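S.K.: Quick one: the structure is below, questions incoming.
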Amino acid sequence: MGIPVFRFAPWQPPILPDVECAAPPSWRWSPSLLAAAGTAMAMLLFVLVGPLVWQQDPSQQWLSQVSSGPTSGIYARVVGPIPAKGTGNLSRLTVIESNTERVHLAWPEVVSVERFRLYRAKQHQSGKGLPLWQGRDRSYTDELQLRRQIYRYTLVDADTGIMLFSTETRPEPAISVFEAQLQGLIPASAAVYPEYVRLPAHPLGTDALGRDILARLMAGGRSSLFVGIVAPLLFISFGAIFGGLAGYLGGKFDHFAMRSADFVVALPFLLFMILLRIAFGIGPGEDGILPLILAMLLLSWPSSARLIRGQVLALRSQPFIDSARLSGVTTWGIFRRHIFPNVLPVLMVAFSFAIPQAIFTEAFLSFIGMGVSPPSTSWGAMCNDGIKTLLSHPGQLLWPAAMISISVLAFNILGDALRDTADKRSGGVGQ
Amino acid sequence: MREAKGIVTGKIASAVMLIVFAVVGIFPGLPAQASAVDLESKSITLALATEPPTLHSARATDTIASFVISHMMEGLLRYGENGELVGGVAERWQIDENGARFWLRENATWSDGQAVTAQDFVFAWQYALRPETASQYAFIFYPIKGARAVNEGLAPPDSLGVRAVSRTELYVEFAQPCPYFLSLTAFMSYMPLRQDVVEHWGRRYAADADKMLYNGPFTLTKWVHGAHLTLEKNPHYWDKSSLRISRIDMPYITADPGAQFNLFRDGQIALANLDTGLLDEAVKRGYDIQHFHSGSLFFLEFNFRAGRITANRSFRKAIQYLLDPAVLVNKVIGLPGVLPAYSLFPVTVRGQRQAFRQEYPVRRLRQDLAVARQYLDQAKRELGLEVFPPLMLLAGDSPRAVQEAEYYQYLLKRGLGLDLRIDQQVFKQRIEKMRRGDFDIVVAAWGPDYDDIMTFADLFASWNDNNRGRYSHPEYDRLVRFAQNSASASQRFAAMAVLQDLVVDDVPILPTYENAMLYVQHPQLKGVRRSVFGGDPNFRDAWIEP
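In order, the protein sequence lines correspond to chains U and F. Each residue of the first sequence is one higher than the one before, starting from 1 at the first, in our numbering. Each residue of the second sequence is one higher than the one before, starting from 1001 at the first, in our numbering.
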């Protein structure tokens, strides 16, 4: 990074009234900076205000709607535990009951066929599709992850492979009585229940356990951004104080501080993350957010400490500091009046670059299972969940991945812009 | 200078290209072009999930070793084409309450040409039971008289109740009636071993392809550790004329189902297992997907050690009335062929004449939220608790196990207001924690070792080491003892039916699902036996169709 080492006292207009001075250049709000700042704000609003607007429980599992695409609120039939009975003589493969909880099929006896095999395919799929069942019965109830789409069932002689019957059906949306009771849609002990209940909308669909992806993005973003902001805040403040003291006091303390920084830089992050988890007595199944933040504090402070130490070291030998000291300004006063304002832009830049890094660290630790633990989630953990269904339902991975990428990019651009502004400010003083 | 450099780079590039062409041209037959099945040489190519840790039949425990051993060794009996027991090294046999007698084939030979004798079996079984062998499967010999004492080091190995009456006659004495002993003799630990060869190689026996002897249909001709195994037809096998495959090549070792599927798609291997993510892809490509019931039972096991909430029956009943295995199987797991489990005994367990579950159907409970909550209130009163502390659910670390655990966590929270903490552990660590009793509920599984109902039934007897929850119920123990000592098949199975009902009633475990394997197979490859017992898959009777 091209951060200049020298910083000067804030520019002050000369007292001479008749000399005209150039005003310090104003901040430039480039479109990319505006967009980045807007996106970062939008992210924060999304995770903080979002849950107030979209009041779904992020861990609620709608098992009747597993891995569904975006849905609006629908009415679903409440289905009891006992399937409908087939009636009379059948002449072909007949759909007796068809809803997303179960498709009940029955077929007639076929001469010389002992064992049947039933296949299920989506409407536009070629071939027979997925083998569901094989046996001697003449009826079958399919309950396997049914969705609202047209299915084609094919009945085949299991021994010869000859196709016997085929039929198509489109199951109507349904929910089982048990699940409706579990979700509190109908009272648990009621013997009589309504025929239809209304299911909530899922604008981004649901994941493999039927959880609303939008609500999970908000909840996951909260832990991701919490770590992303709190951890840098802590380790940069610590680094700034430690480095500032080292630079100002110099001598033995400086030596000690810098050698310990060297030592910490040499420690492997992941290993210490795991050790800290154990040291903190974080049992299995408990959230690892606190040790994660502490590990980042313990292992990430040296870079900001070195940065600030260098700044303070350079400032300390400036004539205006000497003159301030000679005029009797206290050490605290020098810090407050001269040193702090001069290192603040550098601090801001370091902070805004640390945020995306921390978000990313949290995401990758959660991805490998070292971060949050269920039922709470984060964007990284959501990516880990989604990778299993990447081929069939890519949205479950792409949404959280997009959120990570966008927020990391936004904070990076923001940091870049802040650095440019800081540079301009230093350039403007001399003019 | 710049020019010259450019020329040099060009030369290097063309040299590299030349080498690449040369390598490709010289070795056209490298695995890159191996074919899944080859009709001319009667060979097939497969991928292994992992390398077998050992191929020593007395020490091996895993399924991969069981697969390889079942092709290169043959026990007294073996499983035939339809999963029935047929003669292996033994030509005929006779079994009663007190023991079993086997007459060995004259023409059964080792791969060095020497005959397989009764003494080879006596040595192998004594060897497996010695404490210094430390075989994890030693318990499978316990139906033989004196086996437990030998294994615990209380008696010398030659006190074991098995003796070679003559070179071709073997007599086994039972500790208690053991009607399933014949199926035990097909298990890998019961394979014969030649004393001189085992003692010559010592600890290095079966560490390489040339450091062991074979008596089965195939011999291991190549074993490049971590990379490549090859089985070839055994020229000394007594029944070699019935083999229709002469070579099984395994040049790939990968546990990733995606990689295996890609190899299958490219026509490089003849058989590939599928998992959930690959199902759609396989359907899209129009493959003939097959499934087979692997015979293993998955269940939630409760901890009965003192002070555990899960030791309370009402508490377990509450969970039983809440958890519907059918929902788990159909919505969460979502693989065709996997069956919801309601009984301790999977559908593959044999009964007296047909499947046990057909003879004695299991009592089904209807899941009911109101009843579950009543039971929980009752548990609260019985335990004198105001609120339940968080419970620890020990689970595996596979994607499916994690998803399953999250489902339980949600269900218990939503349905009963219980907090469940998920403890994900790798297999070894999970087994260790189960052994120590460091859990409240554990997601466990059990695969059958031999073809008898007892492989599941004695699992929760108070004396069984694999009873990780330390469940102890006098009636359960009594039924298992009764069945073990009863010579009458109808009485045995009647007792097992009572036991099945007891498990539903007292809930020592909560069965969740019976696992199935989905796989795709090369259309020209026929006669592959997928089986619960005796090594899976089995290619002994397979052939390649033109």
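No residue lacks a Cβ here, since even glycine has one placed at the ideal position from N, Cα and C. Just so you know, these numbers come straight off a predicted model, no measurement behind them.
(1) Going along chain F, which residues have a C-beta under 9 angstroms from residue 389/U?
(2) Is the number of C-beta pairs between the segment 319 to 336 of chain U and the segment 366 to 378 of chain U that are closer than 8 angstroms three or more?
(3) What number of angstroms, rounded off, separates the C-alpha of residue 123/U from the C-alpha of residue 1520/F?
(4) Just the Cα atoms here: how many angstroms apart are residue 1444/F and residue 1302/F?
(5) Check distances from the C-beta atoms of the segment 127 to 156 of chain U to those of chain F and list, in chain order, the residues that come in under 7 angstroms.
(6) Alpha carbon to alpha carbon, how far is residue 1251/F from residue 1271/F?
(7) For the segment 225 to 244 of chain U and the segment 297 to 304 of chain U, state whether three or more C-beta atom pairs, one from each stretch, are separated by less than 8 angstroms.
(8) My parser needs the alpha helix (DSSP H) runs of 4 or more residues fully inside the segment 1447 to 1481 of chain F; what are they?
(9) Do the CB positions of residue 1434/F and residue 1400/F come within less than 7 angstroms of each other?
(10) Please classify residue 1288/F as buried or exposed, where buried requires at least 16 other C-beta atoms within 10 Å of its C-beta.
(11) Could you tell me if residue 192/U is buried or exposed, where buried requires 16 or more neighbouring beta carbons within 10 angstroms of its beta carbon?
(12) Note down the Cα distance separating residue 1532/F from residue 135/U, rounded to an integer number of angstroms.
(13) Just confirm the distance between the C-beta atoms of residue 1479/F and residue 1498/F, as a whole number of angstroms; I'd bet it's less than 8 angstroms.
(14) Rounded to the nearest angstrom, what separates residue 1031/F and residue 1263/F at their Cα positions?
(15) With a threshold of 6 angstroms, establish whether the CB of residue 1506/F neighbours any heavy atom of the ligand MG.
(16) Once you ignore the five residues that flank residue 1255/F on each side, which residues in its own chain have a CB closer than 7 angstroms to its CB?
(17) Compute the Euclidean distance between the alpha carbons of residue 1120/F and residue 1168/F, then round it to the nearest angstrom.
(18) How is residue 337/U classed by DSSP in three states: helix, strand or coil?
(19) What residues from the segment 45 to 72 of chain U come within 7 angstroms of chain F, judged by C-beta to C-beta, listed N to C?
(20) Judging by CA-CA distance, which residue of 1066/F, 1493/F, 1340/F and 1331/F is the nearest neighbour of residue 1293/F?
(21) Just mark residue 402/U as buried or exposed, buried being the case when its beta carbon has 16 or more other beta carbons within 10 Å.
(22) Assuming residue 1300/F contacts residue 1441/F (C-beta within less than 8 angstroms), just tell me the rounded distance between them.
(23) Note the first and the last residue of the continuous alpha helix (DSSP H) segment covering residue 384/U.
(24) What runs of the beta strand (DSSP E), each 3 residues or longer, lie entirely inside the segment 187 to 269 of chain U?
(25) For residue 1331/F, return the contacting residues in chain U, with the cut-off set at a CB-CB distance below 7 angstroms.
(26) Would residue 235/U pass as an interface residue toward chain F - the criterion being a Cβ-Cβ separation below 7 angstroms?
(27) Just the C-alpha distance for residue 43/U and residue 1538/F, rounded to the nearest angstrom, thanks.
(28) With a Cβ-Cβ cutoff of 7 angstroms, do residue 348/U and residue 418/U count as a contact?
(29) Measure the CB-CB distance between residue 1075/F and residue 1212/F and report whether it falls below 7 angstroms.
(30) Between residue 1025/F and chain U, is the shortest Cβ-Cβ distance under 7 angstroms, so that the two count as touching?
(31) Quick one: what's residue 1115/F bridged to in DSSP?
(32) Hey, is residue 1521/F's beta-carbon within less than 7 angstroms of any beta-carbon in chain U?
(33) Here's the rule I'm using: 16 or more other beta-carbon atoms within 10 Å means buried, otherwise exposed. How should residue 1094/F be labelled?
(34) Could you give the DSSP three-state label for residue 332/U: helix, strand or coil?
(35) Does residue 70/U pass the burial test, meaning 16 or more other C-beta atoms within 10 Å, or should it be called exposed?
(36) Taking the alpha helix (DSSP H) that residue 324/U falls in, what are its first and last residues?
M.R.: With the structure as the only source:
(1) Against the first sequence, residue 389/U aligns to sequence position 389. Ordered by position in chain F, the residues that pass the 9 angstroms Cβ test against residue 389/U are 1276 and 1277.
(2) no
(3) For the purposes of this step, residue 123/U is taken as residue 123 along the first sequence, with counting starting at 1. For the purposes of this step, residue 1520/F is taken as residue 520 along the second sequence, with counting starting at 1. Looking at the two C-alpha atoms, the distance is approximately 23 angstroms.
(4) By 1-based counting over the second sequence, the position of residue 1444/F is 444. By 1-based counting over the second sequence, the position of residue 1302/F is 302. If I take the Cα positions, the gap works out to 10 angstroms.
(5) 127, 129, 130, 131, 132, 143, 144 and 145
(6) Residue mapping note: residue 1251/F aligns to position 251 of the second sequence, counting from 1. Residue mapping note: residue 1271/F aligns to position 271 of the second sequence, counting from 1. For residue 1251/F and residue 1271/F, the distance between alpha carbons rounds to 13 angstroms.
(7) yes
(8) 1454 to 1457
(9) Mapped onto the second sequence, residue 1434/F falls at position 434. Mapped onto the second sequence, residue 1400/F falls at position 400. It is not a contact, given that the beta carbons lie outside the stated cut-off.
(10) Within the second sequence, the letter at position 288 stands for residue 1288/F. By the 10 Å Cβ count, residue 1288/F comes out exposed.
(11) Translated into positions along the first sequence, residue 192/U becomes position 192. Counting Cβ neighbours within 10 Å, residue 192/U comes out exposed, since fewer than 16 surround it.
(12) Along the second sequence, read from residue 1 onward, the residue named residue 1532/F stands at position 532. Along the first sequence, read from residue 1 onward, the residue named residue 135/U stands at position 135. Approximately 19 angstroms, taken between the alpha carbons.
(13) Reading the second sequence from its first residue, position 479 is the one you call residue 1479/F. Reading the second sequence from its first residue, position 498 is the one you call residue 1498/F. Yes, they are in contact, since the Cβ atoms of residue 1479/F and residue 1498/F sit about 6 angstroms apart, within 8 angstroms.
(14) Here the question's residue 1031/F lines up with position 31 in the second sequence. Here the question's residue 1263/F lines up with position 263 in the second sequence. Because the pLDDT of residue 1031/F is 45, which lies under 50, any placement of that residue in the model is unreliable, and the number read from its coordinates should be weighed accordingly. Straight-line Cα distance between these residues: approximately 11 angstroms.
(15) Of the ligands one can find in the structure shown there are none, so the ligand MG has no counterpart to examine.
(16) Mapped onto the second sequence, residue 1255/F falls at position 255. Contacts found: 1049 and 1050.
(17) Taking the second sequence and counting its residues from 1, one reaches residue 1120/F at position 120. Taking the second sequence and counting its residues from 1, one reaches residue 1168/F at position 168. Roughly 10 angstroms separates the two Cα atoms.
(18) Here the question's residue 337/U lines up with position 337 in the first sequence. Three-state result, residue 337/U: helix.
(19) 59, 61, 63 and 66
(20) Here residue 1293/F corresponds to residue number 293 of the second sequence, with the count starting at 1. Comparing Cα positions, the closest option is 1340/F.
(21) Mapped onto the first sequence, residue 402/U falls at position 402. So residue 402/U ends up on the exposed side.
(22) Walking along the second sequence from the start, residue 1300/F turns up at place 300. Walking along the second sequence from the start, residue 1441/F turns up at place 441. Between residue 1441/F and residue 1300/F the Cβ distance is about 5 angstroms, and since that is below 8 angstroms, they are a contact.
(23) Here residue 384/U is taken as the residue at index 384 of the first sequence, counted from 1. First-last of the alpha helix (DSSP H) with residue 384/U: 379 to 386.
(24) 196 to 199
(25) The residue you call residue 1331/F lines up with position 331 of the second sequence. Under the 7 angstroms cutoff, chain U gives 63, 66 and 145.
(26) Taking the first sequence and counting its residues from 1, one reaches residue 235/U at position 235. Answer no: the Cβ-Cβ gap between residue 235/U and chain F never drops below 7 angstroms.
(27) Counting from one through the first sequence, the residue named residue 43/U turns up at place 43. Counting from one through the second sequence, the residue named residue 1538/F turns up at place 538. C-alpha separation (whole angstroms): 56 angstroms.
(28) Looking up residue 348/U in the first sequence gives position 348. Looking up residue 418/U in the first sequence gives position 418. Their beta carbons are under 7 angstroms apart, which means residue 348/U touches residue 418/U by this criterion.
(29) The count along the second sequence starts at 1 and reaches residue 1075/F at position 75. The count along the second sequence starts at 1 and reaches residue 1212/F at position 212. No, the Cβ-Cβ distance between residue 1075/F and residue 1212/F is not below 7 angstroms.
(30) Counting from one through the second sequence, the residue named residue 1025/F turns up at place 25. Annotation note: pLDDT 41 at residue 1025/F (below 50); position unreliable, no value reported.
(31) Translated into the one-based positions of the second sequence, residue 1115/F becomes position 115. 1109/F.
(32) The residue labelled residue 1521/F in the question sits at position 521 within the second sequence. No, residue 1521/F does not count as interfacial toward chain U.
(33) Position 94 of the second sequence, counting from 1, holds the residue named residue 1094/F. Exposed: under 16 other Cβ atoms inside 10 Å.
(34) Within the first sequence, the letter at position 332 stands for residue 332/U. Looking at residue 332/U - three-state DSSP - the assignment turns out to be helix.
(35) Numbered from its first residue, the first sequence carries residue 70/U at position 70. Counting Cβ neighbours within 10 Å, residue 70/U comes out exposed, since fewer than 16 surround it.
(36) As a first step, residue 324/U must be located in the first sequence, where it is residue number 324. Note, residue 324/U: alpha helix (DSSP H), 319 to 326.
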